[in-house]
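Structure below.
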């Protein structure tokens, strides 16, 4: 099977072939996009002996190199990988599904006016209401977690289209707080 | 529900009432058997707040006393309980089922001539064959595990009825090695 | 000695105190809020009492409830840990009123040292130098005015503060208004008191503190220094002893200065006197922490003295069993605070469920954890989930060992500061000892996302995990059977056969 | 220094050596048999090579395969750990022939000290007293004859032995024939050599050993003693330092005697000289262990010297970086061997899957484990799964801390010796230091099955677990749905709705 993997701003293709009970052949390509062109550059071919311990810990031998890797699916297709103190977050999806998803949702669904929270926390202050005029840098919402308060500010001048939270709400990482147009 | 629990040579009755999501009322009786009489002596009544962590670890509050207890079902109805370095092995069964089981199998199915292994190991020597005359204390089988060898001897004089293992076999704790009549 | 002690705290420090009590044959009583029924300190204590809703001010800061639990459980003494009620004189008074021993300093010392202004006056009287700045709590207007007088950069500090809460570096006039608002709000939330004062910001200082133990009979010893210059947002992240800038002579002078301050304040119990040390190794009194410190273990590692046990013995009226001559510092030690914070995202709080937890072992390793595999880290409290403390025969061995241990340390499910510590340990300046309290900011841009080899392996394994999931899922759809993978990965239960 | 080292061992000692190498910046190569693909040492090493089927003689004892892996992987040196090939001169020779450094003593010393008879002659030449007995390997007939001469009780010992394997106490003539057969068989299995000798059994002796480090240039130091009198079937179970019978003067005399033996044998590397000490504190040379010992950590805890690293440095040709004056013993330490054995069933081997594994933490605790939660302990090798090593400022603190730590230590799925250690720690004679190598036998009958309170709680919880299972199972039968408990408890999958 071929999988598309996204890590940070880079995209990869990973071909996985199961060769035996614990054996996998893997080929990793980086997908380099240049305007409308896209090129697959082979990074590495690996022959892996993979043993899974419990839900999420893998002992891997790659040509006698030994690795202990923790791989957990935190959200659908979103993987967190830990490896000797290193930490990676990856989105991995079957190539076909990824194409389908992109057809349905568009290539990248970044809505510029959405102010999202980068932390899980409790809303302690909301400074704006729908329809308010705001200036770039103006405080919109304060979130609190673990005794730290964080101010979320307007990313640009505009009008508040939606305020999705109220004081006392608990929000998770990635949730939209305010939309500005 | 009422359960019968056997620990060592003692027998208990444990009544379990679920009172809420995490709350149980438990009454423990020791069943004292004297000839054909049997008497239930109340040992303790407990009101427990029980939280299960993972498969087998329980945090228990009993009238503000706090305990961390590991309870694992090692075999059907056979429980291993660990508690601050203490260790218990219990057989626990629904009262009705226990009665049924005893009807089917008899009260205690100890076959005196069965030589059972008290360890998991590999059979390295078998000294007897079916039909052999053996004397009490005569070596029958040697098992090896973890570099220790253990000799299993005849518990009484008799004739070897069955030899259930051969050299090279791996046997688990409790398996019958030889039957002597 | 006490037969039963209530521990008025949670997480790793509550566990630390419970362990000390167990070793002394003392029964322990834990308290917990709604979100802490499953916390490790509850599991480990002999008794545990519920004291209210998650917000600290409705549970762990509720003096009345804690005193009530002490009475009901028959605890003769209360250890407050750090944070929460540890430096609250009102609490010490309430204990006294209830006939319960407060395991800490006398309330008069808490009051005196708790007000940094009084502490500074005390230090000056004890002939110990202090940093230029104002001493009194100030109104907003006074802050604006004084800041102009002293000149930027200045530090805003909470009068009741500690641990970086309510503390803000202000580099220019423009930042001041917003900084004051946030600092007051944080101070209010953390300590119930929004009073602020300001002082001159000394650039590139080193933060060095002296651990002391003083009994009720005036016998005092210092247990050497801790260097706490590796800070982020004025929150310590790595502490070590000995400090690379220290020698026997300076240690003796600072240790004796610390004991002078303690004596002037009528102090007993364990305590810490904080100093800033400038490039010329002049030291300035900063404040006294009238409590057990988060970083006390590094001192325990090099002196072999169990500070928590000594603190309990002092509270029980025992005489100090060590003299200054008994105190020997052997080797070196560092502490790494494992915070539930995301180092790749500006150290945002990262509460949540710990799905994997494997601690390092072997020589020179100590782990003081407040969590376990399966524990949920609530968002209501401090982000500290564990401390890794490492001992080695010298600083070099400590660094090598720490890298090894941090690579062994797996915390899955929440983000932690483990990758950050590894970046610090790889930095030349840290290894050579050439750093100050601004070090962390300068190293943040090195926080990469690992190696090429690691990335490739991560890609391969994530794809294999996805493949195993897909394969299992296919089987379910075909065979209508059970999906063993369904239990792994929270959201998979929602998956349909179509997808 | 080496760039890559092969570790020719498994379990906790392989992990220990890998950790030392990581801290020294040395890459590590692990080897594993069929049943060890999932072992911890394989997970932790930088590289890992399969070397054959489970029986040690087909894998971990296969010199040719191990040398081959060293060559293929480019390892410049091999650390043999303890057991297996650690004291095999043929292996040291094979390393030399292949141009690979053997991390241990010179092969001539292994040969000399490996034969206990030669070792005893060497000790006598070095003016160190030995125990009465025969020296040569004996035939069955000779054993029967000599036993009569010396008089029962006698000890049967394997010439190539160590660690209690092939060792038997024989109290009377009647037991002798069976004991000889079993001892020869065990010796053959463990060492490939069934030679036995006998010696007079000294009653109630204390087993005290001296750790030494000697470099290739004749510089040697002793790191103090270890008391190893807590033994079962001549297998050590608890070791400690310092020994309660020791004083500075006796330590110096035994340490110097140990170094004299080493010098007479042309020894270098880490090594241990074992002595028996009688009631009058006379000491008798027993043997030299020309390897790293299982119990080396207690010495590391009190001296702060990393013996494994020093051993590697000596092998790499470095000069000893310590003099005798640098060696200071601070505090006290004990090691508890956690064996996969059933203490309630005559310490029968208990291999199997470890379903739960939670290690203790906090001050003074070191855990050297060779397993993890989910690991399978195979039945082919030594039963040691982990070692708990505890440090305290004195023996009293060590005992209190050890109890606390052993109660925190949870190993579920297999039986272990943890409950046994707790019984020992509760024994008056152990606490007072009044014990000898016969202590364990005298304490075995105290191995109860816990307290009344514990039993009641166990009954309640097992019944609740059964209740939760029943409840879940009922739901399945009624609703035909999924049973979440099905995944817990191995045999439950076989359960039908009828039952």
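Chains as they are written, first to last, in the working numbering: chain A, 386 to 566; chain B, 386 to 566; chain C, 151 to 649; chain D, 151 to 649.
Positions of the beta carbon are idealized from the N, C-alpha and C atoms, including for glycine.
Close-in-space but distant-in-sequence residues of the same chain around residue i (CB under 8 Å, 5 per side omitted)
i: residue 452 of chain D; result: 374, 391, 392, 479, 480, 481, 482, 483 and 541
i: residue 253 of chain C; result: 155, 227, 228, 229, 230, 419, 461, 462 and 465
i: residue 477 of chain C; result: 371, 372, 373, 374, 453 and 455
i: residue 653 of chain C; result: With chain C represented from 151 up to 649, any question about residue 653 of chain C goes unanswered, as that position is not in the structure.
Interface flag, residue i vs chain A, CB-CB below 9 Å
i: residue 502 of chain C; result: yes
i: residue 336 of chain C; result: yes
i: residue 459 of chain C; result: no
i: residue 565 of chain C; result: yes
i: residue 560 of chain D; result: no
Residues bridged to residue i (per DSSP)
i: residue 392 of chain B; result: B/395
i: residue 198 of chain D; result: D/180
i: residue 442 of chain A; result: A/438 and A/455
i: residue 278 of chain C; result: Bridge partners of residue 278 of chain C: none, in fact.
i: residue 437 of chain D; result: D/424
Residue i at chain D interface by Cβ criterion, 9 Å
i: residue 540 of chain B; result: no
i: residue 627 of chain C; result: Unreliable positioning characterises residue 627 of chain C in this predicted model, as indicated by a pLDDT of 47, which lies under 50. The coordinate reading is nonetheless provided below. Closer than 9 Å: no.
i: residue 408 of chain C; result: no
i: residue 604 of chain C; result: no
i: residue 456 of chain C; result: yes
i: residue 513 of chain C; result: yes
Supposed contact pair residue j and residue i - C-beta distance, whole angstroms, cut 8 Å
i: residue 210 of chain D; j: residue 234 of chain D; result: 5 Å
i: residue 480 of chain B; j: residue 388 of chain B; result: 6 Å
i: residue 334 of chain D; j: residue 395 of chain D; result: Residue 334 of chain D to residue 395 of chain D, Cβ: 35 Å. No contact.
i: residue 520 of chain C; j: residue 504 of chain C; result: Wrong, their Cβ atoms sit about 11 Å apart, outside the cutoff.
Buried versus exposed, by CB contacts within 10 Å (16 or more), residue i
i: residue 490 of chain B; result: exposed
i: residue 439 of chain D; result: buried
i: residue 159 of chain C; result: buried
i: residue 386 of chain D; result: buried
i: residue 510 of chain C; result: buried
i: residue 372 of chain D; result: buried
i: residue 458 of chain B; result: buried
i: residue 573 of chain C; result: buried
i: residue 597 of chain D; result: exposed
i: residue 404 of chain B; result: exposed
i: residue 196 of chain C; result: buried
i: residue 605 of chain C; result: buried
Within-9 Å CB hit, residue i to chain C
i: residue 439 of chain B; result: yes
i: residue 462 of chain A; result: yes
i: residue 531 of chain A; result: yes
i: residue 157 of chain D; result: no
i: residue 442 of chain B; result: yes
9 Å Cβ cutoff, residue i in contact with chain B
i: residue 186 of chain C; result: no
i: residue 618 of chain D; result: yes
i: residue 572 of chain D; result: yes
i: residue 498 of chain D; result: yes
Residues near residue i by beta carbon distance below 7 Å, same chain, minus five either side
i: residue 296 of chain D; result: 284, 288 and 348
i: residue 550 of chain A; result: 508, 511, 526, 556 and 562
i: residue 280 of chain D; result: 270, 273, 274, 434 and 435
i: residue 533 of chain D; result: 489, 490, 491 and 499
i: residue 514 of chain D; result: 540, 541, 542 and 551
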